[in-house]
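Single-structure report; data block below.
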Amino acid sequence: MEEKLVPEIEAIPQLESIYVFCPNKAVHEQWAKKIPKVKGVYTEINPICEALQIDCEQCDRATISIKYNATDPSFMYTLLLKEALLEIDDDDNKSIEILTAYCRENDIPGNQIQRLEREYRVHTPIWWYTTPYFLYSTLNRGLRLMDVEIILKMGFFIRQLHQDIQKLHDEQRTKNIITDSPLKLYRGQGLSLEDFDKTNKSIGQLMSFNNFLSTSLNRNVSLNFAQQALKDSNKVGILFHMIIDPTICKKSQIPFADVSPVSYFKGKEAEILFTTHTIFRIDRIKQIDHEHTDRLWEVNLTLVGNDDHDLNELTTHVREEINSKAPRRGWSQLAFILLKVGEPAKAENIYKLLLRKELSDIERADYYHKLGWAYNNMGEYSKALSSHEQTLEIQQTALPPNHPDLARSYSNIGIVYKNMGEHSKALSSYERSLEIQNIALPSNHTDLASSYLGIGNVYHSMGEYSKALLSYERSLEIQKIALPPNHPDLATSYNNIGNIYDDMGEYSKALSSHERSLEIRKVALPPNHPDLAQSYLGIGNVYYRKGEYSKALSSYERSLEIKKIILPSNHPDVAR
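With numbering that gives the first Met the number 0, the residue at position 208 of the sequence shown is 207, and numbering never jumps.
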């Protein structure tokens, strides 16, 4: 029966491995050898359990997030989310309740959830991370996909695991277990043929790991993991050979520790665990001699600092913007980052909670302003207008008449009025904003750029294209002086200029502007950010007007794909 059943189910794409349990191994081994997904034939349960544990760990290792050139914006935003999470001091009981409720909704085995509830404080975060339970795979899936819901639900664990690694690192420094001498570490895993090709093409360039990175002092342990990956004919076995300079780790605030004494496996893997967001340079790749395969390779890596990559300038600027516009650390900064990454509904929930706390007038006004921003991005314009008007009301009492924050509120009200189609009210609000900014701010301040951008949007909606283009170009002129070249605000200006040229019938200029906008957004924003959908929509519109319908359709489909992922089903942009 098994001989007939297994070939039929082998083609199921979700099926990774098949294990045969039978009383007579010799009878079943012959047919099992012909089926690649059959990983072994067993007559006892314990060896199957051991094989399953190895395969589960191998599967988890193969899903670790690897980025090339360290310029993927999800690296920056998960780093900034982590930095905000590290500043939050949660109630452990409540955090575990929230996490376990999420796990029950997502089919995590009940016995694992119950054990976490009973014993979380009995073991260290390092122990929980290294145990073959759902925490490891769930957390790494969240970091790999930049799944904000998972990252938020596991925020307390991210923080405690980072702190546990830092504490152990400091102890091992004191005992000279860790010194400033370079380390040779190893990591074995499988890579898809596509990712291996990317690695080959990236020699001399950078690659990064978003997740907590597990490595080993023992080459043979890591080589075994690489060899296990060869069971899948679509994968290449990779042995990462890493050179680590501890002084770079210290400077870049990347703690690591020998977790062998405290991990679930108690020294079996000689494991060195790093906190998240490590960056390496790919030095060389060489084939490992093996009598049975040509799919086993060693990749030599050298750790580099967090300041040694192309995204650093933008990361620094965005971090400064966060500290400036959300100076209160913890939940306030976390909510602001959620707005930046296109998660307004999650930001809304946090701002509502913050507004229940005892606050100064300025803090309350700021949270209403951010809440209005969230509502506007969700398409709930009446709520957005109400929030911004509450902000303005507080500011008019608490601040002098020409304070820049008042200008920002008038500008935000202008944005909402424009989205509601009330152009004269929008223009009036923007002009009041610009009037204050010209008195209170230097001529190249980004707030002036925002006001010119808003005025351009209103003129565009009114069909006054020449005035709109003039305002957009004035905004872009300021942004080029004040912002790094890959800042998303520049992309917004290029996008708007592209829309104007499109409406004016100057399609080559329109396409050029939209492509520049998309180029920046791909570097500066997470892969499913709504602004990327906006760029694809703009490009689609230009191709449609030019009569290049297949290209237009492709762009429209990409735009809609992103909107369906990131926006609520009733958002105006999805219907559009």
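Where a beta carbon is used, it is the ideal one built from N, C-alpha and C, also for glycine.
Every value quoted in this text rests on a predicted model; they were computed, and no experiment measured them.
| Among Lys230, His513, Pro525, Tyr135, which one has its Cα closest to the Cα of leucine 337? | Pro525
| request: Pull up the CB-CB distance for threonine 77 and leucine 134, whole angstroms please, since I reckon it's below 8 Å. | output: Wrong, their Cβ atoms sit about 17 Å apart, outside the cutoff.
| request: Enumerate in chain order the residues of its own chain whose CB-to-CB distance from alanine 225 is below 7 Å, with the five nearest sequence positions on each side excluded. | output: Gly187, Gln188, Gly236, Ile237, Leu238, Leu295
| message | On a Cα-Cα basis, can you pick out the residue from Thr178, Ser262, Asn199 that is closest to aspartate 163? | response | Ser262
| query | What three-state label does DSSP hand glutamate 319 in the structure shown? | reply | helix
| request: Measure the C-alpha to C-alpha separation of isoleucine 281 and valine 298 and round it to an integer number of angstroms. | output: 7 Å
| task | Rank Ser432, Gln478, Ile177, Ser423 by C-alpha distance to the C-alpha of serine 460 and give the top, closest one. | result | Ser423
| request: Starting from asparagine 299, follow its DSSP beta bridges and name the residues at the other end. | output: His240, Arg283
| said: Relative to the C-alpha of proline 484, which candidate in Ile414, Thr314, Gln204 has its C-alpha closest? | reply: Thr314
| said: By alpha-carbon positions, which one of Pro343, Gln159, Asp360, Ile243 ends up nearest to glutamate 86? | reply: Gln159
| Which listed residue (Asn233, Lys152, Leu552) has its alpha carbon closest to that of leucine 192 | Asn233
| task | Name, in chain order, the residues that DSSP records as bridge partners for serine 255. | result | According to the sequence provided, residue 255 is phenylalanine. The question's serine does not apply to it. In the DSSP output, where bridge partners are listed per residue, phenylalanine 255 has Phe273.
| Do three or more CB pairs link the region 243 to 263 to the region 195 to 209 at distances below 8 Å? | no
| task | Could you tell me which of Ala448, Ser512, Ser507, Gly504 sits nearest to aspartate 488, measuring between CA atoms? | result | Ala448
| query | For the alpha helix (DSSP H) that contains leucine 391, what are its first and last residues? | reply | 380 to 397
| field | Length-filtered (4 minimum) alpha helix (DSSP H) runs lying within the region 490 to 568 | value | 506 to 523, 529 to 545, 548 to 565
| query | Assuming glycine 378 and threonine 390 make a contact with CB atoms under 8 Å, what is their CB distance in whole Å? | reply | 19 Å between Cβ atoms; not a contact.
| query | Is alanine 523 closer than 9 Å to threonine 481 when the C-beta atoms are compared? | reply | According to the sequence shown, residue 481 is alanine rather than threonine. No, they are not a contact pair.
| said: For glutamate 43 and proline 22, what's the separation of their Cα atoms in angstroms? | reply: 8 Å
| request: Return the chain-ordered list of same chain residues with a C-beta closer than 6 Å to the C-beta of glycine 154, the five sequence neighbours on each side being excluded. | output: Leu84
| said: According to DSSP, is isoleucine 17 part of a helix, a strand, or is it coil? | reply: strand
| field | serine 385 versus glutamate 430 - alpha carbon distance | value | 20 Å
| task | Measure the C-alpha to C-alpha separation of leucine 531 and tyrosine 380 and round it to an integer number of angstroms. | result | 22 Å
| query | For valine 147 versus valine 340, is the C-beta distance shorter than 9 Å? | reply | yes
| task | Measure the Cβ-Cβ separation of valine 220 and glutamate 268 and say whether it is below 9 Å. | result | yes
| query | Under a Cβ-count criterion, where at least 16 other Cβ atoms within 10 Å of its own Cβ denotes burial, should alanine 100 be classed as buried or exposed? | reply | exposed
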